[in-house]
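In my numbering, the protein residues as written are 31 to 889. Where a beta carbon is used, it is the ideal one built from N, C-alpha and C, also for glycine. Bear in mind that the values here come from a model prediction, so they are computed numbers and not experimental data. These notes are about the structure you will find just below.
What follows is the structure in structure tokens.
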């Protein structure tokens with residue numbers, strides 16, 4: 031569990047309150063840690079205590095033990111090795127062996143042992159200065175430097191009573207260590223019942239290394255149940271640097287990684303949008319394969335949001351169901367809804383007084399089977415729910431959407447069968463008018479030697495999207511609906527040699543529809559169809575040589591490739607002006623931004639509403655650098671271009687492109703008339719095990735400009751240094767609408783994203799992100815913070831400023847100061863008391879690629 035306190039301050043914060051930030055910095059772990067020289071005597075005392083608890087500093091561990099150390103830890107508890115015959119034998123199956131410097135017997139049943147007393151019974155052992163043993167009851171009174179060891183447990187005391195057979199024991203003024211969970215502590219009295227119960231009276235426990243009491247859990251009575259994987263505490267208080275910070279009459283907590291039912295630590299915060307926020311999650315471990323988390327979250331400006339998440343795991347299915355419900359939104363002024371305002375111009379909340387809700391069902395099924403299933407079903411009360419109440423679920427770098435999707439597939443020896451239903455809901459002004467209920471695929475593949483026969487069939491029924499809205503109801507009523515059937519049959523000679531490949535294909539594609547005649551324009555064809563013959567010729571060569579790169583030997587390849595594609599022109603006139611809205615048939619077709627991976631496609635559109643004409647040759651060249659010892663590709667560079675031998679006539683907006691520069695010299699030349707595509711390139715590189723580089727670029731020769739570019743560089747090493755630099759550019763980002771599916775935005779998408787996690791000293795690290803838009807000269811998301819992490823606790827302090835997107839296409843053009851939120855976030859986690867704070871972690875994992883991998887070692 032975490033103790034999390036988030037302190038949010040908006041842009042309108044009173045400057046005088048900034049003392050709070052200073053206070054947090056002054057209260058940093060190193061400032062609060064014991065300062066100065068503790069003196070030789072105290073240092074020796076701490077070292078002796080550490081040795082007594084089997085503590086081994088990191089520098090004295092073996093290489094394998096250091097590898098297993100959690101991040102930030104400077105040592106480990108390591109039990110002394112045993113090599114005797116009974117070292118791995120259960121106590122109830124092993125003989126009892128006693129040894130001492132001196133012994134005295136009274137009768138046949140009473141024995142007194144003195145001087146380096148040792149009792150070994152299988153995996154259980156006892157060591158002390160003196161022991162009085164009753165052979166009849168098997169009870170023993172032990173005193174002087176007592177050590178009781180069992181697998182994963184060490185108990186120490188000066189006075190104890192125990193039973194040699196059952197392992198039951200009572201220790202006074204005891205110290206203890208659980209090796210695996212790194213929990214240590216003290217108790218005025220410790221009661222141990224076999225392997226299933228340890229009771230602690232007036233005790234304290236912590237996961238901090240010996241000599242540090244940065245935090246401790248103290249209780250009048252703490253009970254630990256190792257076999258049940260949890261502990262309880264009565265009249266418990268949490269102390270941080272010996273200062274009490276939390277009290278509860280009863281507390282239940284986990285003692286290892288097993289899930290346990292109980293309350294998690296609360297989360298507190300404040301924001302301009304929701305006011306003061308407080309939540310206290312309750313975790314319910316229903317069964318080994320089923321759990322639930324119930325989270326009431328109070329927001330002073332809105333009311334109480336009730337959240338629920340359940341998870342279920344079975345042999346074939348992994349299911350997650352989550353949701354949230356706000357009975358009545360009490361926030362009158364939202365501060366972000368520009369189109370609804372009161373008489374004074376303040377932004378009103380259009381959902382004031384309304385219930386707001388969201389639920390999601392996620393399921394994956396059929397892992398390792400021929401069949402598979404997937405469900406991704408999300409429903410929300412309004413488009414602003416996620417932005418207002420769950421903003422961490424959205425990505426500011428794309429148009430947000432939620433999906434209602436379900437699919438099932440079956441992979442046979444020659445056929446892949448699938449069925450899918452899908453409805454998308456955009457959280458912006460962009461709308462999808464159609465949904466697929468259902469889409470059915472039957473794709474066959476047969477191979478005889480080098481000959482491959484492909485038989486791809488697809489049936490889809492398109493209906494009006496249930497979330498589609500338009501001010502004109504008649505427009506919705508006249509939207510085209512109907513069935514579509516596509517086939518794609520091909521015969522390929524798939525011939526490969528060591529030195530190259532040669533793959534000619536003969537293809538026949540067909541496209542047919544059956545429309546709802548009540549929505550058709552007068553005279554429109556209700557069942558148009560077309561058949562188009564196509565052909566491709568894909569061929570390439572492989573050249574290899576031994577080469578050098580940065581002084582290291584590599585196997586270098588040179589791979590020229592030619593891909594010729596021909597497709598007959600077929601008149602698509604029957605697919606235009608079909609509906610009463612005079613719209614063309616565009617159920618799912620849309621344009622694509624040209625990139626390198628489109629050089630070898632047989633369609634320049636996404637979706638299935640067109641069969642394009644083509645007469646073109648793609649020319650590409652790839653060079654790879656491969657490690658000859660491991661076979662790992664270290665670098666790859668590709669460049670290519672499409673040469674067009676004729677204009678592309680079939681379009682999304684027109685059945686037959688007509689362009690005559692002499693007749694209309696002022697008209698902009700369509701890209702479909704260019705003789706060449708954009709020059710496309712792709713680059714990937716792996717520099718050692720630390721640096722990964724990826725880049726794609728497309729250059730428009732006719733207009734002497736970039737068409738698109740995206741690149742990323744990531745550095746990550748064993749010291750948890752992470753640096754990520756990403757860049758993306760699109761000259762005219764697609765912005766398809768109902769009237770023009772090929773519409774683009776007026777200005778370029780031009781953004782950079784820089785993020786890092788850098789250890790700077792000992793357990794201190796810097797984290798940060800800068801996401802910036804060059805076109806509009808606006809920062810999108812910026813934060814910087816400090817992280818302190820050691821073996822027993824972690825502290826994170828972040829200052830963040832981010833743009834509160836409302837997902838309209840022209841939003842960045844009208845951003846002002848009121849569209850930004852600011853916050854100071856303070857997160858304190860006590861190691862060993864539960865899971866890491868997901869709110870802060872979700873932010874960092876999303877912003878810093880690779881942070882989640884590093885964070886796994888901390889957990």
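CA-to-CA, the gap between residue 346 and residue 761 works out to about 46 Å. Taking the CA atoms as reference points, residue 126 sits about 11 Å from residue 120.
Take residue 434, set aside five residues on each side of it, and the residues of its chain with a beta-carbon closer than 6 Å to its own are 407 and 453, in chain order.
Residue 580: not part of any beta strand (DSSP E); DSSP gives it neither H nor E. DSSP, reduced to helix, strand and coil, places residue 713 within a strand of the structure shown. Restricting attention to 550, 800, 636 and 552, the CA atom closest to the CA of residue 874 is found in 800. Residue environment for residue 717: exposed (fewer than 16 other C-beta atoms within 10 angstroms of its C-beta). Taken atom to atom, the span from the alpha-carbon of residue 881 to that of residue 787 is near 8 Å. Rounded to whole angstroms, the separation of the alpha carbons of residue 217 and residue 230 is 6 Å. The beta carbons of residue 851 and residue 301 sit about 7 Å from each other, so the pair counts as a contact at 8 Å.
The three-state reading of DSSP puts residue 359 in coil, since its state is none of H, G, I, E or B. Rounded to whole angstroms, residue 106 and residue 177 show a C-alpha spacing of 18 Å. For secondary structure counted as the beta strand (DSSP E) over 3 or more consecutive residues, the region 568 to 620 holds these complete runs in sequence order: 573 to 579 and 582 to 597.
Cβ neighbours of residue 215 within its own chain (closer than 8 Å, five residues either side excluded): 205, 206, 230, 233, 234, 235, 236 and 246. Taken atom to atom, the span from the alpha-carbon of residue 355 to that of residue 387 is near 4 Å.
For a cut-off of 8 Å, the C-beta gap from residue 813 to residue 829 is around 6 Å, short enough to register as a contact. One alpha carbon belongs to residue 720, the other to residue 455, and they sit about 40 Å apart. In this model, residue 383 and residue 497 are separated by some 22 Å (Cα to Cα). Closest by C-alpha distance to residue 304, out of 335, 325, 493 and 634, is 335. Rounded to the nearest angstrom, the Cβ distance from residue 569 to residue 595 is 13 Å, too far for a contact under 8 Å. DSSP lists 530 as the bridge partner or partners of residue 527. Beta-bridge partners of residue 651 (DSSP): 590 and 669. Annotated three-state conformation of residue 815 is strand, per DSSP.
Ranked by Cα distance from residue 114, the first of 512, 96 and 155 is 155. Residue pairing by DSSP places residue 324 opposite 312 and 338 in a beta bridge. Nearest to residue 131 by C-alpha distance, out of 640, 843 and 160, is 160. As far as DSSP is concerned, residue 198 takes part in no beta bridge. Taking a C-beta distance under 8 Å as the contact criterion, residue 603 and residue 534 do not qualify as a contact pair. Contact between the region 686 to 696 and the region 646 to 661 is absent, with fewer than three C-beta pairs closer than 8 Å. Taking C-beta separations shorter than 8 Å and ignoring five residues to either side along the sequence, the partners of residue 651 in its chain run 588, 589, 590, 591, 668, 669 and 670, following chain order. Assignment of residue 660 by DSSP, reduced to helix, strand and coil, places it in the coil class. Residue 242 and residue 581 have their C-alpha atoms roughly 49 Å apart.
In this structure, the beta-carbon distance from residue 174 to residue 162 does not fall below 8 Å.
Just so you know, the alpha carbons of residue 96 and residue 239 end up roughly 15 Å apart. Judged by DSSP secondary structure, residue 437 falls outside any alpha helix (DSSP H) and instead within the beta strand (DSSP E) spanning 431 to 441.
In the DSSP assignment, residue 133 is bridged to 143.
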